[in-house]
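*Asks:* Before we start, here is the structure in question, set down as structure tokens.
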Amino acid sequence: MTPAQELAGLALLILVLMASAAGVTWQVQGWRMGEQLAVQAGLHQSDLTAISNAAAAQARIEQDKRLGLEGRLQSIDEAHFKEFSDEQKNISRLRDRLATSDLRLSVLLAEDSASGCNVPAASGAVGVVHAARRAQLDPAHAQRIIAITDTGDQGLIALGACQAYVRAVLR
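When the letters of the sequence shown are read in order and numbered with this note's numbering, they come out as residues 1268 to 1438.
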């Protein structure tokens, strides 16, 4: 073999060894990168799991709050409906008693300074206001007064229900 052939063989051998070293290095780097990617994927998956669990816990907390609010609002609605229906029954009873003349509404009259007499006119049982003159209202007028007060009572009950609703929602 000639020295040029030996040199070419040696260069070829070095080239083959370098190529094999590069291939082995490439393979080792691939294994290392695969391990790093696997670790990184595992960390990413655990982060995603933690985020999902936190989101689910927050959703449960919000749902529990919503259910609690719905329960409070339901009880408030029931209480105000009961108050409203009781008031309606009372007004209905009062209207019935006025219609059957079982009950008469009366008003206090202004004192007449000319009369000067503070003695009750009737000799029977006297009410809390002594010696005050009273005038009984016509049943039709009494019905209208009751209707007006009924409307006012309904408004007050509705206002109370709205205020309770707002207080419950803001809690």
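Here a beta-carbon is modelled for each residue, glycine too, at the ideal position from N, C-alpha and C.
(1) Rounded to whole angstroms, what is the Cα-Cα separation between G1276 and A1308?
(2) Taking a contact to mean a Cβ-Cβ separation below 8 Å, would you say I1358 touches D1405 in this structure?
(3) Indicate the three-state DSSP secondary structure (helix, strand or coil) for A1444 in the structure shown.
(4) At the level of alpha carbons, what is the spacing between I1413 and A1324?
(5) Taking C-beta to C-beta, are S1373 and A1402 nearer than 8 Å?
(6) Taking A1409 as the reference, which of G1419, R1371, I1424, Q1421 has the closest Cα?
(7) Note down the Cα distance separating I1424 from E1345, rounded to an integer number of angstroms.
(8) Could you give the distance in angstroms between the alpha-carbon of T1367 and the alpha-carbon of R1411?
(9) Rounded to whole angstroms, what's the CA-CA distance from L1437 to Q1341? Just pull it up for me.
(10) Taking only three categories from DSSP, how would you classify R1371?
(11) Is R1401 helix, strand or coil when you go by DSSP?
(12) Evaluate L1336 with the Cβ neighbour count: other Cβ atoms within 10 Å of its Cβ, from every protein chain shown; 16 or more gives buried, anything less gives exposed.
(13) What is the DSSP secondary structure of R1364, reduced to helix, strand or coil?
(14) By the DSSP assignment, the alpha helix (DSSP H) with R1434 in it spans what residues?
(15) So, with DSSP's three-state summary, where would you put M1268?
*Replies:* This is what the structure holds:
(1) 47 Å
(2) no
(3) Any property of residue 1444 remains undetermined from this structure, which presents the chain solely from 1268 to 1438.
(4) 55 Å
(5) yes
(6) Closest by alpha carbon: R1371.
(7) Distance between the alpha carbons of I1424 and E1345 is about 12 Å.
(8) Their Cα atoms are separated by approximately 15 Å.
(9) 15 Å
(10) The answer is coil: DSSP assigns R1371 none of H, G, I, E or B.
(11) strand
(12) It counts as exposed.
(13) helix
(14) 1406-1437
(15) Assigned with DSSP and collapsed to three states, M1268 falls in coil, not helix or strand.
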